[in-house]
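Everything on this sheet refers to the single structure shown next.
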Amino acid sequence: MKVLVTVKRVIDYNVKVRVKSDNSDVDLSNVKMAMNPFCEIAVEEAVRLKEAGVASEIVVVSLGPQAAQEQIRTALALGADRGILVQSDENLESLTVAKLLAKVVEDEQPGLVIMGKQAIDSDNNQTGQMLAALTNMPQGTFASEVKVEGEKVQVTREVDGGLQTVELNMPAIVTTDLRLNEPRYASLPNIMKAKRKPLDTKTPEDLGVAVKAHTQLLSVEPPAERQAGIKVASVEELVDKLKNEAKVI
Amino acid sequence: MAILIIAEHDNQSLKAATLNAVTAATQIGGEIHVLVAGSGCQAAADAAASVAGVDKVLLADNAAYEHQLAENLSQLVAELGRDYSHVVAPATTTGKNVMPRVAALLDVAQVSDIIRVDSEDTFARPIYAGNAIATVKSLDAIKVITVRGTAFEAAATEGGSAAVEAVAAAHDAGISSFVGEEVAKSDRPELTAASVIISGGRGMGNGENFALLESVADKLGAAVGASRAAVDAGFVPNDMQVGQTGKIVAPDLYIAVGISGAIQHLAGMKDSKVIVAINKDEEAPIFSVADYGLVADLFEAVPELDGKL
Ligand SMILES: Cc1cc2nc3c(=O)[nH]c(=O)nc-3n(C[C@H](O)[C@H](O)[C@H](O)COP(=O)(O)OP(=O)(O)OC[C@H]3O[C@@H](n4cnc5c(N)ncnc54)[C@H](O)[C@@H]3O)c2cc1C
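Chains A and B supply the protein sequences, listed in that same order.
Under my numbering, read the first sequence as residues 653 to 901, first letter to last.
Under my numbering, read the second sequence as residues 3 to 311, first letter to last.
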């Protein structure tokens, strides 16, 4: 079975983003970029499926600027077999990304598509579900466990009330949550080997998808700052403040 | 202009998150219809009909919708949604699961997790773990939206008298099925609805030590939450995680115990009215958002707090 994994190039999760002074957007110049953490978990899951003999080939796809090749190479170093970059410098909205991925899915015919549940830049949590709709595949979102059994996959999902398990016909889409696995680090030899793995570049035009704006970003503001608080010296003072000053207990 | 709200419910009762979505819809303006899709869910539909501001309830009662499977529900919502200007759901795990699928079927974008309504097509939403707030205008004819509950007051559960209309459409995509669930049972309030929350982090050391927090919680009528590190370490289950990728909460009082205050955790709780931090490291970033910070060993401070309540 072929597994398709998607990876997004985003701001490193340790970096606190700043808003541009003209409030047009966030400022990403000279900011450390990395693979979206949920995509790392997706790559790891695919690699484990291959190690378990369930997956035969892992194809990694990224959509974005030329520099997203770095994240594809990282995935190749972690164990993916070949990469596809759908290159575009335009702002690709979730729906457009899903349409582009639907074309890749049509070409590649994977048995399973594994994606991150959300990207930590836009925090949209949309693309996997949209791709599932466009390909008419079932979806196992927010996965904390994935078990392939014959033509079906059982996905345990992290939901508000606890855990839910669903069974999906394959091909299917899985989106990863934090507890699915703990991603490994790439070893130096594997990083070297990854440089020689095939990486194909395509454009949205090649795939026959028009990049359309469905939304317009009007402005970006920093969030309201919290007033600096105080340190209390004892539990007694804390209880007093909560009772008599804040009046919350 | 009419708005279709997808109700969050468990077939018997309406979940509180639906009420916040109703308020957001009221601010958008127009007639408000609520879809209750489930199985044996008449009681939830009746509850929706009495919510203030609701004009009509659509009841889709069919086994295919019992577990809110996205494959089935999205087809129903997309079919009904064509007649509306807005399709709105709470940003719960159900809403997050189903709504993007609906949006794609309608060939429109989704505006996720809105925290403010500026006009019928313009909304504010947090991005980058809440470190920036984007104002976004939807250019689509049908606006698909999820609503962050903490940003909108709950609509009153009484005062409405909407008609309940049955919807016959049964969509069973036949590509997915429900296997089972593990639902956490607790007598304490739900995290997203609690007015007081006490959360523990890696500093708690293990799951048993959460009993310290539970004892305080019981005295304050509080819910118990956790950081990702505490969930990952297996101290407590995933449904207790507060943060960018867990639950978003904004109680009157949030007490963070043994939590360092990573941006991903702050994203889930920094809109709380009063924040208390108990941490032995006075440099911990949690103190930068805390109204009251106590630098102390939690294993001494929490039992003492418990004794003083
Ligand atoms: C993609 C992604 C998503 C994430 N989403 C979330 C999320 O939704 N929610 C979330 O919480 N995190 C999230 N994280 C993780 C986040 O980055 C932090 O790793 C996590 O919040 C740390 O948890 P913590 O504060 O409990 O642990 P630590 O950072 O290890 O902090 C433990 C704290 O406990 C204190 N302590 C230890 N012992 C004691 C004691 N005896 N008495 C008093 N204090 C003590 C220490 O001083 C320290 O400050 C996410 C990370 C990523 C990459």
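For glycine and all other residues, C-beta sits at the position ideal for the given N, C-alpha and C.
For residue i versus residue j, is the C-beta spacing smaller than 8 Å?
i	j	result
Val800 of chain A	Val711 of chain A	no
Gly209 of chain B	Val238 of chain B	yes
Asn777 of chain A	Ser114 of chain B	yes
Ala170 of chain B	Ala51 of chain B	no
Ala157 of chain B	Ala39 of chain B	no
Ala228 of chain B	Arg190 of chain B	no
Leu656 of chain A	Pro762 of chain A	yes
Ala698 of chain A	Ile772 of chain A	no
Lys854 of chain A	Ile663 of chain A	no
Ala750 of chain A	Arg103 of chain B	no
Ile147 of chain B	Glu873 of chain A	no
Lys310 of chain B	Val891 of chain A	yes
Leu61 of chain B	Val138 of chain B	no
His866 of chain A	Ala106 of chain B	no
Ser796 of chain A	Leu815 of chain A	yes
Gly132 of chain B	Pro689 of chain A	no
Leu851 of chain A	Ile693 of chain A	no
Ala18 of chain B	Ala196 of chain B	no
Ala46 of chain B	Asn13 of chain B	yes
Gly263 of chain B	Ile250 of chain B	no
Leu300 of chain B	Gly236 of chain B	no
In the structure shown, what three-state DSSP assignment does residue i receive?
i	result
Thr817 of chain A	strand
Ala131 of chain B	coil
Ala65 of chain B	helix
Asp12 of chain B	coil
Val756 of chain A	helix
Thr658 of chain A	strand
Asn74 of chain B	helix
Leu894 of chain A	helix
Met271 of chain B	helix
Val749 of chain A	helix
Glu284 of chain B	coil
Gly263 of chain B	coil
Phe794 of chain A	strand
Met782 of chain A	helix
Ile772 of chain A	coil
Please indicate yes or no: does the CB of residue i lie closer than 7 Å to some heavy atom of ligand 2?
i	result
Phe690 of chain A	Although ligand 2 was asked about, the structure shown includes only ligand 1 as ligands.
Between the options, which has its C-alpha nearest residue i's C-alpha?
i	options	result
Val695 of chain A	A:Arg725, A:Ala732, A:His866	A:Ala732
Val297 of chain B	B:Ala269, B:Lys272, B:Ala258	B:Ala258
Lys187 of chain B	A:Asp812, A:Ala846, A:Lys854	A:Asp812
Glu10 of chain B	B:Cys43, B:Asp120, B:Gly31	B:Cys43
Ala4 of chain B	B:Leu16, B:Gln14, B:Gln29	B:Gln29
Asp677 of chain A	B:Ala235, B:Thr148, B:Tyr130	B:Tyr130
Ala754 of chain A	A:Ala824, A:Met685, A:Ala795, A:Glu819	A:Ala824
Thr817 of chain A	A:Gly792, A:Glu709, A:Asn833, A:Glu803	A:Gly792
Glu703 of chain A	A:Leu730, A:Cys691, A:Met687, A:Gln718	A:Leu730
Ser681 of chain A	A:Met687, A:Pro689, A:Lys672	A:Lys672
Val884 of chain A	B:Ile261, B:Ile280, B:Asp273	B:Ile280
Thr152 of chain B	B:Ile7, B:Leu311, B:Val24, B:Lys310	B:Val24
Gln246 of chain B	B:Gln266, B:Asn240, B:Phe212, B:Ala235	B:Gln266
Glu160 of chain B	B:Val56, B:Glu33, B:Lys282	B:Val56
Val826 of chain A	A:Arg836, A:Ala720, A:Gln806, A:Ile843	A:Gln806
Gly716 of chain A	A:Glu857, A:Gln770, A:Leu744, A:Ser871	A:Leu744
Using a Cβ-based criterion (distance less than 7 Å to any ligand heavy atom), does residue i qualify as near ligand 1?
i	result
Ser774 of chain A	no
Asp664 of chain A	no
Gln723 of chain A	no
Asp283 of chain B	yes
Ile199 of chain B	no
Gly260 of chain B	yes
Arg230 of chain B	yes
Thr247 of chain B	yes
Val695 of chain A	no
Phe301 of chain B	yes
Val244 of chain B	yes
Leu193 of chain B	no
Ile280 of chain B	yes
Leu730 of chain A	no
Leu296 of chain B	no
Gln44 of chain B	no
Gly780 of chain A	no
Ala795 of chain A	no
Threshold first: 3 residues or longer. Then list the beta strand (DSSP E) segments lying entirely within the stretch 178–247 of chain B, N to C. 178–185, 198–202, 225–228
Entirely enclosed alpha helix (DSSP H) segments - the stretch 798–849 of chain A, minimum 4 residues: 840–846
Jot down the residue ranges of each uninterrupted beta strand (DSSP E) in the stretch 93–126 of chain B, minimum 3 residues, whole runs only, in chain order. 112–116, 118–121
Pick out the complete beta strand (DSSP E) segments inside the stretch 706–731 of chain A, 3 residues or longer, and give them in chain order. 709–716
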